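Peer 1:
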Amino acid sequence: MPPFLYPSPTLEADGDIKLIRIARHCPCTLCECQGLHPGVDQEVEIVLEQEDADFNTQSTKCACGHSWHRHGALDRLVDGEINRRARVALRIDEFLDEVEHLDDFSQTDDADETIQSLRKQMELPPGEERDASFKARDGSPDSMMSGVSEPEKSKRSRSQSSSELSDVPNAPARQRRRINSSDEEEAADDREKGAPLPTKSITKGSKKAPPVPVLSGARTNARGAKKRAGGGASGTVAAPQTNGISAHVPKIKVEDDAVELESVAETATTAPEESAPMSIDLPPKEKIVMEEHRRGYIQYTAVKNDGEERSYIVLTGLKNLFQRQLPKMPREYITRLVMDRNSRGLAMIKHGYKVVAGITYRPFAHRGFIEIVFCAVSSANQIKGYGGHLMDHFKKHIQDTYQNVNYFLTYADNYAIGYFKKQGFSKDVTLDRVQWAGYIKDYEGATLLQCTLVPVDYTTIRETLAQQKAWVIEKIRSRSSSHIVRPGIAAFQEGHSPTVLKYEDIPGLVEAGWTSHPTVQELPANIKPPDYVRMTRALRALQAHQQSWPFRVPVNKQDVPDYYEFIKNPMDLHTMQTKLEGGKYAQVDAFVADVRAIVENCLLYNPQDSVYAKAAIKLNRYFETSLLKELMEKE
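Quick note: to get the working numbering, add 7 to the position in the sequence shown (first position is 1).
Right, here's the structure in full:
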């Protein structure tokens, strides 16, 4: 029997490697298998080198009898969702590799909820759950075709013999969703506490949102290939466990939400009347978290280490939440920052003092900003909009508590940048560096983000924006007829013979300003010549190049006092943009001369082995080889 090959976390995630990692942590869509795993007597070999990564169907076939394509509904996921799952699977593999369990497909020591929290993000998407009629670990044709008529059996047998990848799982009769221990605990709490909300926390077609950790350092541990018979420590297979998950996962049935919308307009079977409004105003959909907060199901509490028993309970909940959601951060480091007497926190709690989301921050009111240290939402609540709701109330809390604070600063890793951008954060840090340098901790591999507060009530910002949008639309309709639906043209309908139409016969065309003889006017003065377009394109390419960072703004005289004594004709990309927008470049030659002046000035002032000189050489090579030819072309 050939060995079972599995990629090391150090291998680049491309092609089959990405899908195999996902399959290990995703259930099979055709049976009760909880993830890709080897056979009983099959050895596991971890592939460390890229040239050895020959993952064919036989070397990575699951013991359940189905290929890894069938785990996690990989053939039904879009590229963006596959990439997200691949990142989560890689983080799980890195954690397993650190504890030397990467080749142990029967390990069960993830009771600390670190891996369980990540695996929650690997659940089958809604509508792709496996059929409950399939029995666990039973992939035989007879068992899967029980209850099927003989003609249908023969038809399916012929289709199955052609190719295993052509199998299509039966559509599930009803949607089911797997929940892990944290889901079960929360559901039990809801029943025990008698929560007033209906079971609408899982909506049809909802998708898992990515986690919102602030920091997640990458730690890998490359080790040699290890072989272990049966994928376990002792060569035996624990039947109830696969990849640390029970083979018989308890399920709860979630009925499809029967959302009945009241009739807002009569169904029109004929052509609409002229001047009939096109749009129908529907009430805005209320998010689950807003309904829960309005009913008092969730609450917010500010907390600090003041020695009170209640504060210790909430701070401990925040600490546990951050340790679960940020597995890459050292636990001692999280504990020290959360419990620091200079730190402050805002926690979202329910069922008493159970923390489901929260932020730990450090205020620097005398400097005009606060630093967000940790921000996280429990995995079971990320699809309900808890992250955005938490940040809105956090902004309101800061406005009410610190009158002089107008800026948020935080370091975010690649997993969290998307979340923070949705909450109004930007990579463009406009706060003076003197205000924050030396006060906040720098993190390697993370991106500094800033959010500027404006004087609005962030807890009602969505209602305010919706009202402003309605006013803008109303103003547009008062000046335009774009919202009016005209009756169709009868000549184009079935049964009418072809005919030539006059423009006056087309409804709404005259009202839109059309005339039979449109006059050809001269180009407006703001239309730039072709040279301007080419120079603009070249300048943007230079500004976006990764080696242009020293030349994007003028040299600061305070940082380099003697620079302007040596360089008599300084030039930078920002100055070039100002000259270009002001029409100072009458010819392309002047533009090219300024680009070369940037490089020459840098090489004249800096040593040849400095990072600035190396950046100038690479930027000049890029300009000469990729941009200059197109820039000098004549129309």
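The C-beta atom is built at its ideal place from N, Cα and C for all residues, glycine as well.
Values in this document were obtained by computation on a predicted structure and should not be read as measured data.
Could you tell me if residue 168 is buried or exposed, where buried requires 16 or more neighbouring beta carbons within 10 angstroms of its beta carbon?
Peer 2: As a working mapping, residue 168 is identified with position 161 in the sequence shown. Confidence is the limiting factor: at residue 168 the pLDDT is only 38, short of 50, which leaves the residue's position unreliable, though a coordinate-based value still follows. So residue 168 ends up on the exposed side.
Peer 1: Return the bridge partner residues of residue 361 from the DSSP annotation.
Peer 2: Indexing the sequence shown from 1 puts residue 361 at position 354. According to DSSP, which records beta bridges pairwise, residue 361 is partnered with 357.
Peer 1: If you scan the region 451-529 from start to end, which runs of the beta strand (DSSP E) of 3 or more residues do you find wholly inside it?
Peer 2: If we require 3 residues or more, the beta strand (DSSP E) runs fully inside the region 451-529 come out as 454-459.
Peer 1: Sort 32, 99, 112 by Cα distance to residue 76 and report the nearest one.
Peer 2: Against the sequence shown, residue 76 aligns to sequence position 69. The shortest C-alpha separation from residue 76 is found at 32.
Peer 1: Taking buried to mean at least 16 other C-beta atoms within 10 Å of its own C-beta, is residue 517 buried or exposed?
Peer 2: The residue given as residue 517 occupies position 510 in the sequence shown. So residue 517 counts as exposed.
Peer 1: Residue 638 to residue 577, Cα distance in whole Å?
Peer 2: Locating residue 638 in the sequence shown gives position 631, counting from the first residue. Locating residue 577 in the sequence shown gives position 570, counting from the first residue. Roughly 23 Å between the two C-alpha positions.
Peer 1: Using DSSP with H/G/I as helix, E/B as strand and the rest coil, what is residue 108?
Peer 2: Here residue 108 corresponds to residue number 101 of the sequence shown, with the count starting at 1. DSSP places residue 108 in coil when its eight states are reduced to three.
Peer 1: Can you tell me which of the three DSSP states residue 622 falls into?
Peer 2: The residue given as residue 622 occupies position 615 in the sequence shown. It is helical.
Peer 1: Distance, Cα to Cα, residue 496 vs residue 504?
Peer 2: Position 489 of the sequence shown, counted from the first residue, corresponds to residue 496. Position 497 of the sequence shown, counted from the first residue, corresponds to residue 504. Near 13 Å, if we compare the C-alpha coordinates of residue 504 and residue 496.
Peer 1: Please classify residue 389 as buried or exposed, where buried requires at least 16 neighbouring CB atoms within 10 angstroms.
Peer 2: For this step, residue 389 is matched to residue 382 along the sequence shown. It is buried - the Cβ of residue 389 has at least 16 other Cβ atoms within 10 Å.
Peer 1: What residues in its chain sit with their C-beta under 8 Å from that of residue 266, if we drop five residues either side in the sequence?
Peer 2: As a working mapping, residue 266 is identified with position 259 in the sequence shown. With a pLDDT of only 34 at residue 266, under 50, the local geometry of the prediction cannot be trusted, and the value read off the model is given with reservation. Counting only Cβ-Cβ distances below 8 Å, and skipping sequence neighbours, we find nothing.
Peer 1: Taking the C-alpha atoms as reference points, what is the distance between residue 420 and residue 78?
Peer 2: Within the sequence shown, numbered from 1, the residue matching residue 420 stands at position 413. Within the sequence shown, numbered from 1, the residue matching residue 78 stands at position 71. Each residue's Cα considered, the two are about 29 Å apart.
Peer 1: Exposed or buried, which one is residue 396 when buried takes at least 16 other CB atoms within 10 Å?
Peer 2: Translated into positions along the sequence shown, residue 396 becomes position 389. So residue 396 ends up on the buried side.
Peer 1: Classify residue 314 as helix, strand or coil using the three-state DSSP reduction.
Peer 2: As a first step, residue 314 must be located in the sequence shown, where it is residue number 307. DSSP places residue 314 in coil when its eight states are reduced to three.
Peer 1: Taking 7 Å as the limit between beta carbons, can you name the residues of its chain near residue 633, skipping five residues before and five after?
Peer 2: On the sequence shown, position 626 is the one that residue 633 refers to. Same-chain partners within the cutoff: there are none.
Peer 1: Let me know if residue 73 comes out buried or exposed under the rule of 16 or more other beta-carbons within 10 Å of its beta-carbon.
Peer 2: The residue labelled residue 73 in the question sits at position 66 within the sequence shown. Classification of residue 73: buried, given that the 10 Å Cβ count is 16 or more.
Peer 1: How long is the line joining the alpha carbons of residue 586 and residue 623, rounded to whole angstroms?
Peer 2: Within the sequence shown, residue 586 is the residue found at index 579, counting from 1. Within the sequence shown, residue 623 is the residue found at index 616, counting from 1. When rounded, the distance between both Cα atoms is 21 Å.
Peer 1: Would residue 581 be called buried (16 or more neighbouring beta carbons within 10 Å of its own) or exposed?
Peer 2: Within the sequence shown, the letter at position 574 stands for residue 581. Looking at its Cβ environment, which holds fewer than 16 other Cβ atoms inside 10 Å, residue 581 is exposed.
Peer 1: Quick one: using the 10 Å Cβ neighbour count with 16 as the cut-off for buried, is residue 599 buried or exposed?
Peer 2: By one-based count along the sequence shown, residue 599 stands at place 592. With 16 or more other Cβ atoms within 10 Å, it is buried.
Peer 1: Counting only runs of 4+ residues fully inside the region 551-634, write out the alpha helix (DSSP H) ranges in chain order.
Peer 2: Those alpha helix (DSSP H) runs which fall completely within the region 551-634 and span 4+ residues are 570-573, 580-588, 595-612, 618-629.
Peer 1: Does the beta carbon of residue 369 sit closer than 8 Å to a beta carbon anywhere in chain B?
Peer 2: Of the protein chains in the structure, only one exists, and it is not chain B.
Peer 1: Report back the beta-carbon spacing between residue 433 and residue 457 to the nearest angstrom; my notes put them in contact at under 8 Å.
Peer 2: One-based indexing of the sequence shown puts residue 433 at position 426. One-based indexing of the sequence shown puts residue 457 at position 450. About 6 Å separates the two Cβ atoms, so the contact holds.
Peer 1: Evaluate residue 443 with the Cβ neighbour count: other Cβ atoms within 10 Å of its Cβ, from every protein chain shown; 16 or more gives buried, anything less gives exposed.
Peer 2: Numbered from 1 along the sequence shown, position 436 holds the residue referred to as residue 443. Answer is buried; the Cβ neighbour count reaches 16.
Peer 1: Could you tell me the distance, in whole angstroms, from the CA atom of residue 628 to the CA atom of residue 550?
Peer 2: To locate residue 628, count along the sequence shown from 1; it is residue 621. To locate residue 550, count along the sequence shown from 1; it is residue 543. Cα to Cα, residue 628 sits roughly 15 Å from residue 550.
Peer 1: Going by DSSP, name the residue or residues bridged to residue 333.
Peer 2: What you label residue 333 is simply residue 326 of the sequence shown in a count that begins at 1. BP columns for residue 333 are empty, so no partner.
Peer 1: If the criterion is Cβ atoms closer than 8 Å, does the pair residue 341 and residue 376 meet it?
Peer 2: Position 334 of the sequence shown, counted from the first residue, corresponds to residue 341. Position 369 of the sequence shown, counted from the first residue, corresponds to residue 376. No, these two residues do not count as a Cβ contact at 8 Å.
Peer 1: Candidates 39, 370, 356: which alpha carbon is nearest residue 364's?
Peer 2: Here residue 364 corresponds to residue number 357 of the sequence shown, with the count starting at 1. Selected option, being the one with the closest Cα: 356.
Peer 1: Just reading off the alpha helix (DSSP H) that residue 393 is part of, what are its end residues?
Peer 2: Residue 393 sits at position 386 when you count from the first residue of the sequence shown. That run of the alpha helix (DSSP H) goes 393-408.
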